[in-house]
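K.L.:
Heads up: the sequence shown begins at -7 in the working numbering, then just goes up one per residue. Heads up, the beta-carbon is just placed ideally off N, CA and C, and yes, glycines get one too. Here it is, the structure in full.
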Amino acid sequence: MPNHPLSSRILQVAAGFLLAVVAVASTVLVEIRSQAIARSDEQIERAVAAAEIEFNRAVLNVDMKLASLPGLILGDTSDADALGPVLAGLQERQLLISDLAVLDADGRVVGTALRATRLTGPALPHGFIESIRRRPSATVVLSDPIVSRATGERSLIIGRAVSLPGLPSAVAVAEVPLDLLLPTSAATVMGVPGLSLSVERSDGRVLATQPADDRAMTVRREMPTLRPLSGQPVTSRAEDGINERVATRPTLYDGVYVVARRDLGDVFADWRQQAVWIGAVATFFVLLIVAAAAAARAQVARLARARQETAASAELLEQALDAMGDAFLLCDVDDRVLRWNARYEEIFPWLQPVLRPGVTYRELALAAAKKRFGPDATQEAVAWAKARVEERRQVADGRVVQQALHSGVIVSIVERRMPDGGIVSVYHDMSAKERQLAQAKAEAEAANEAKSQFVANMSHEIRTPLNAVLGLNELLLQGRLDESQRRYAELMRTSGQLLLSLINDVLDLSRIEAGLFEVHEEPFVPRQVAQEVLAVLADRAESQRLMLTLEDHTPPETRLLGDALRLRQVLFNLVGNALKFTEHGRVSVRLAILRGGSDSPGCMLRVAVEDTGVGIEPELLPRLFERFVQADGSATRRHGGSGLGLAITREVVTRLGGHIEVQSVLGAGSTFTVTLPCSFAAAQTSSTVQAMAAAPGSTAPLRVLVAEDNTVNQVLIQALMHHLGHEVEVVGNGRDAVDRLASGGFDLVLMDMQMPEVDGCEATRWIRRLPEEAANVPIIAMTANARPEDRQTCLDAGMDEHVAKPIDFSALQAAMAAAIERRRLLRSKVVQDPVAAR
């Protein structure tokens, strides 16, 4: 909607921001440029001041040495051989001076410090002696730069008139290398790019430079007197046309100045780099503002459309609410009325005078109470209204209550709390029959829930010690055992697993009744499954002096796809039942495969269990597979048993899509035949073996926190974690787990569900509300609560995986690897898209 008033306003604001960005960028650039000049000027001022002091000190030192010559020469100065050693000694004691010489009034050399210059003397510029003699007083004179005859260095001649014995009008000169006139200034120059120092005369003649610049020695520069002599830098144009900052200070010697120069290009070098960055940032903000303005205009258009759609939806909602047969009331988090329908006013007509948006539920309750108790029963009305409000504050999600109104209508009230804390209430007008049916249903559901909870609790209590038995036995198998010890331990493991399958039978009955029975298909070898069952029952058959045999008519190493655990349950029940009712003879198990068509991958696995036992009377066969029923009462007392084995077997076989039948002759024995649908599994290839070898179970060493209240299971899980190479810390309840995890440092948490003080699910919810690092730790439920709904409860609480007790080591390792990977992917998603990750 381009013509929307907000669109124009957005453009105006965007233009204002753009101007502000340009103004700020320009101001910052100007400020940084001024700071760059100020910093450079400060460096130049310090450099020229230091150079002035250095030059004055050097020249004054040489001048004092020249002025002290009359006091050092006592003999006749006309003797060059006697004068030379005196000058040489003085030159050696003075590091600034490379040569000393004494000349007569005509400029002839009387004596020098260096033997190399005694005949020629130092290289004096033309007219230098005359300039000294023209001075009205004995003052020092500086020459133009020369090249030393002794050392080949560029030097400066410093001379003055002296009166010596025998030479009343003599001239003493000292040759000083240019590098020694500004010795420490070199360090200053090296530290400031583009900075140079020079000593110049008032006529623009350059006497010395730092760093050395031979070209500058040959040109004349702008006279220093044309610039301020205070040392304050000014902008000047050099002879090559380049602008520079120049500072000039006079020395103690008339017409000699120290000058510091710095190219403006070097002054602004850092500023240019900063200007590039500032320009880039300003450009980024300009683009950002433009993009934000475009996005805002698009959002305005979307909001306008959304308002229209919202208005249409609100109208549709009003129509839907008015069409409801039940009364509807919606309140916000502060329990203020937001919306209701016409049916609500019909059921509660006495609330119409006070019913309006924004009225509190307390006012509605008070109005209802006055209608119920009468206008004079103020105290009872207030108490009833207060109780109703308090009851509503503690509403649980999905709570259903029944209320008899004073009008005689009985309403069923369903109240649900919304994510924002508001409450949705639905009022259903119930008849007496509906109320009775609802009560009967609630009682039946409560009874069923009580039974399921009892079964779950019994399963939990049995699984907890069984977990220790199987777990410690598995650790034994991981150690070094001889052949017989390993056989015994393996039999213990198989027996424990079959005991676990019996526990699962009881749970299976509960799941079947609730419609929660599950089938897990996996590749298995029928012969191997049968051998495992017979190995467990072999000792029992031997103790009864019965033959226990296996007749395998399946092709060698046949692999089928089906539920091997359920098949193991069926075999255990049938073979165990046959041994129980056979006193002499044998029990045989026969395996066979009935193939389908030539193009069909399916087949039927037939398992027959034959015994030479007591047999079954024909009239009892119809009731044989009923729950809690055996052949007769005497058999129950003689042989024992729960009467669940065959009933569970039939339920399991039926759920697997198969069928079971029995043939029996009284006194001769019985044959139970089970036929199960299966399919042929692919052969186990080398890649499959490699994949199995690479299955999760080799995670890197971790620091694991275990929350477990059972002491034996604590010992077991500690031993298991240490065996896998992990560091482990154990706490006995959920509260301690939260406290330890809050301090950080753990890679994984193994959490039991049922613990004192704080259970595992509640502790997990607390952990997920901790700071980010601790809240994202992988959590695996390690519990004897093995039902599918228990697993879902753990996942809903925020856990990543669920491992049922007794613990299968490979399953635990796989769960650890999966949980760690899941949390890693979740953290990666949060970094890439924090909004989407929420």
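Beta-carbon within less than 7 Å of Leu88's beta-carbon, same chain only, minus the 5 sequence neighbours each way: which residues are those?
P.N.:
The answer, listed in chain order, is Ala50, Asn53, Val54, Val168, Leu172.
K.L.:
Can you tell me the Cα-Cα spacing of Gly36 and Val5, whole angstroms?
P.N.:
What sits at residue 36 in the sequence shown is Ile, not Gly. Rounded to whole angstroms, Ile36 to Val5 spans 46 Å at the Cα level.
K.L.:
Taking C-beta to C-beta, are Leu116 and Thr104 nearer than 8 Å?
P.N.:
Against a cut-off of 8 Å, the Cβ pair of Thr104 and Leu116 comes out as no contact.
K.L.:
CB Ile812 to CB Met791, shorter than 8 Å?
P.N.:
Cβ atoms of Ile812 and Met791: not closer than 8 Å.
K.L.:
For the alpha helix (DSSP H) that contains Ser18, what are its first and last residues?
P.N.:
Element bounds for Ser18: -3 to 59.
K.L.:
When we look at the beta-carbon of Ile149 and count the other beta-carbons within 10 Å, is it buried (16 or more) or exposed?
P.N.:
By the 10 Å Cβ count, Ile149 comes out buried.
K.L.:
If you follow the beta strand (DSSP E) that Ser580 is part of, which residue opens it and which one closes it?
P.N.:
Ser580 -> beta strand (DSSP E) spans 578 to 587.
K.L.:
Can you give the beta carbon distance from Gln86 to Lys57, rounded, assuming they're within the 8 Å contact cut?
P.N.:
At roughly 6 Å, the Cβ-Cβ gap stays under 8 Å, so Gln86 and Lys57 are in contact.
K.L.:
Roughly how far, in whole angstroms, is the beta-carbon of Met747 from the beta-carbon of Gly726, given that I think they are within contact range, below 8 Å?
P.N.:
Contact holds; Cβ gap of about 5 Å.
K.L.:
Could you have a look at Phe573 and say whether DSSP puts it in helix, strand or coil?
P.N.:
Looking at Phe573 - three-state DSSP - the assignment turns out to be coil, as it is neither helix nor strand.
K.L.:
Once you ignore the five residues that flank Ala530 on each side, which residues in its own chain have a CB closer than 8 Å to its CB?
P.N.:
Taken in chain order, the residues that qualify are Leu540.
K.L.:
Considering only residues of the stretch 317 to 366, which uninterrupted alpha helix (DSSP H) runs meet the minimum length of 4 residues and lie entirely inside it, listed in chain order?
P.N.:
Listed in chain order, they are 334 to 339, 353 to 365.
K.L.:
Which stretch, first to last residue, makes up the beta strand (DSSP E) that contains Met713?
P.N.:
It is not in any beta strand (DSSP E) - Met713 instead sits in the alpha helix (DSSP H) that spans 703 to 715.
K.L.:
Starting from Ile640, follow the alpha helix (DSSP H) in both directions and report where the run begins and ends.
P.N.:
Run containing Ile640: 637 to 647, per the alpha helix (DSSP H) assignment.
K.L.:
Using a 10 Å radius around the Cβ and a threshold of 16 neighbouring Cβ atoms, would you call Ile234 buried or exposed?
P.N.:
Counting Cβ neighbours within 10 Å, Ile234 comes out exposed, since fewer than 16 surround it.
K.L.:
Can you give the Cα-Cα distance for Val248 and Glu236, rounded to whole angstroms?
P.N.:
Taking the straight line from one Cα to the other gives about 21 Å.
K.L.:
Which one of Gly413, Arg485, Asn569, Ile405 has the shortest CA to CA distance from Tyr419?
P.N.:
The shortest Cα separation from Tyr419 among Gly413, Arg485, Asn569, Ile405 belongs to Ile405.
K.L.:
In chain order, what residues of the same chain have a beta carbon less than 6 Å from the beta carbon of Thr677, not counting five sequence neighbours either side?
P.N.:
Caution applies to Thr677, whose pLDDT of 49 falls short of 50 and renders its modelled position unreliable; the value that the coordinates give is listed next. Here the set comprises nothing.
K.L.:
Nearest to Arg695 by alpha carbon, out of Leu740, His715, Pro548?
P.N.:
Cα-wise, what sits closest to Arg695 is Leu740.
K.L.:
Measuring only the C-alpha atoms, how far is Thr143 from Gly151?
P.N.:
Answer to the nearest angstrom: the Cα atoms are 19 Å apart.
K.L.:
How far does the beta strand (DSSP E) with Phe516 in it reach, from first residue to last?
P.N.:
Here the beta strand (DSSP E) through Phe516 covers 514 to 516.
K.L.:
Nearest to Val722 by alpha carbon, out of Leu279, Gly736, Gln706, Ser735?
P.N.:
It is Gln706.
K.L.:
Between the C-alpha atoms of Ser194 and Arg241, what's the straight-line distance to the nearest angstrom?
P.N.:
When rounded, the distance between both Cα atoms is 11 Å.
K.L.:
Under three-state DSSP, which class holds Pro114?
P.N.:
If DSSP states are grouped into helix, strand and coil, Pro114 belongs with coil.
K.L.:
With respect to the alpha helix (DSSP H) encompassing Thr756, which residues constitute its N-terminal and C-terminal limits?
P.N.:
That run of the alpha helix (DSSP H) goes 752 to 760.
K.L.:
Quick check on Tyr480: does DSSP put it in helix, strand or coil?
P.N.:
It is helical.
K.L.:
Out of curiosity, what's the CA-to-CA distance linking Pro157 and Ala200?
P.N.:
If you take the alpha carbons of Pro157 and Ala200, they lie about 35 Å apart.
K.L.:
Take the Cβ of Gly650 as the centre, count every other Cβ of all protein chains shown within 10 Å, and call the residue buried at 16 or more, exposed below.
P.N.:
Buried is the call here.
K.L.:
Rounded to whole angstroms, what is the Cα-Cα separation between Ala711 and Arg582?
P.N.:
Distance between the alpha carbons of Ala711 and Arg582: 42 Å.
K.L.:
Which partner residues of Phe664 appear in the DSSP bridge assignment?
P.N.:
Val601, Val654.
K.L.:
Just curious, the beta strand (DSSP E) that Ala200 is in, first and last residue?
P.N.:
Per DSSP, Ala200 belongs to the beta strand (DSSP E) from 198 to 202.
K.L.:
Can you tell me whether Thr131 is buried or exposed? The criterion is at least 16 other CB atoms within 10 Å of its CB, across all chains shown.
P.N.:
Answer is exposed; the Cβ neighbour count stays below 16.
K.L.:
Near Val525, what residues of its chain come up, given a Cβ to Cβ distance below 7 Å and the 5 sequence neighbours on each side ignored?
P.N.:
Around Val525: Arg560, Leu563, Phe564, Val567.
K.L.:
Label Leu3 either buried or exposed according to how many other C-beta atoms from any shown protein chain fall within 10 Å of its C-beta, with 16 as the threshold for buried.
P.N.:
Exposed is the call here.
K.L.:
Should Trp516 and Val601 be called a contact, given that it needs their Cβ atoms to be closer than 8 Å?
P.N.:
One point to set straight first is that residue 516 is Phe, not Trp, in the sequence displayed. Their beta carbons are not under 8 Å apart, which means Phe516 does not touch Val601 by this criterion.
K.L.:
Report whether the distance from the Cβ of Ala803 to the nearest heavy atom of the ligand ATP is below 7 Å.
P.N.:
By its list of ligands, the structure shown contains no ligand whatsoever, and the ligand ATP lies outside what it can speak to.
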